[in-house]
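By numbering that gives the first Met the number 0, the letter at position 109 of the sequence shown is numbered 108, and the numbering carries on one by one without gaps.
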Amino acid sequence: MLRLAVLVSGGGTNLQAIMDSLDSGKITNAGIVTVISNNAGAYALKRAEKYGVEGLVLSPRDYPSREDFNQGLLEALKEREIDLVVLAGYLVVVPPCVIREFENRIINIHPSLIPSFCGTGCYGLHVHEMALARGVKISGATVHFVDEGTDTGPIILQKPVPVEQGDTPEVLQRRIMEQAEWIILPRAIDLIANGKVRVKDRTVWIEE
Ligand code: GRF
């Protein structure tokens, strides 16, 4: 069984999609071991409690230095023998020590078709504001491995979603979640859990 840590900062609808997919058998050979949040008030932690898994608050503010936080996060993952770290709306920069230890074992969901509307400062509603300001007709979501850059790691899955005339950032965000994020994040976990994902150079190969 692939031991998952899901890292969250907010509402946790992607976490919920993972839990539902585990329950329904859309994800096999995996289980959530811990949900880690930097934000004690995150609704995602309530979802973890309801689901019956550990919810852990690890905030940089609770450590004397950023380096101490980084080591604390790394230790928490190693102690729990985590195989795959899933960033599901996690707003903290993952420290290099964690990225090195978990090479090609950290995935992130990003609410656009990378390489559009990604990189530093491009998160949350900003992504959709930028897509609407540019006037694209198609946006979507991307699941990718996390490397030391921002949104630069190997792409695992992408799903396009139409932009409709009159969309607000909030409306577009919701459509992308419903039609893309909640589908491709669980799907990527299932593929990884069943040994179907290989990374060669910067390209992901999937055996269906
Ligand atoms: C999602 O849009 C995700 O793509 C982004 O942050 C949002 C998290 O939403 N990285 P939720 O907490 O899963 O509801």
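Backbone N, C-alpha and C fix where the C-beta goes; we use that ideal spot for every residue, glycine too. Here the structure is a predicted model, which means the values were calculated and not measured.
Under the three-state reduction of DSSP output, Q15 falls in the helix class. 8 Å or more divides the Cβ of L86 from the Cβ of N69. In this chain, Q70 is not harboured by any beta strand (DSSP E); it is covered by the alpha helix (DSSP H) spanning R65 to E78.
According to the DSSP secondary-structure assignment, K49 is paired through a beta bridge with no residue. Exposed is the label assigned to I137, since fewer than 16 other Cβ atoms lie within 10 Å of its Cβ. Annotated three-state conformation of V93 is coil, per DSSP.
At least one heavy atom of the ligand GRF falls within 7 Å of the beta-carbon of T12. It is roughly 18 Å from the alpha-carbon of L184 to the alpha-carbon of P114. By the CB criterion at 8 Å, D67 and C117 fall outside the cutoff. Beta-bridge analysis with DSSP links L86 to L6 and N107. Per DSSP, V145 is not a residue of any alpha helix (DSSP H), being assigned neither H nor E. Taking C-beta atoms as the reference points, P110 and Q172 count as a pair closer than 8 Å.
Not one heavy atom of the ligand GRF sits closer than 7 Å to the Cβ of M0. One alpha carbon belongs to D19, the other to V135, and they sit about 32 Å apart. A distance of 8 Å or more separates the beta carbons of A43 and G71.
The residue among E207, K25, G40 and L57 with its C-alpha nearest the C-alpha of A4 is L57. Each of G120, P168 and V170 was checked against the Cα of G148, and the nearest Cα belongs to G120. For the pair I191 and L1, the CB atoms are nearer than the 8 Å cut-off. Taking C-beta atoms under 8 Å as the contact rule, G139 and V126 fail to qualify, at a distance of about 11 Å. DSSP places L184 within a helical segment (H, G or I) once states are collapsed to three.
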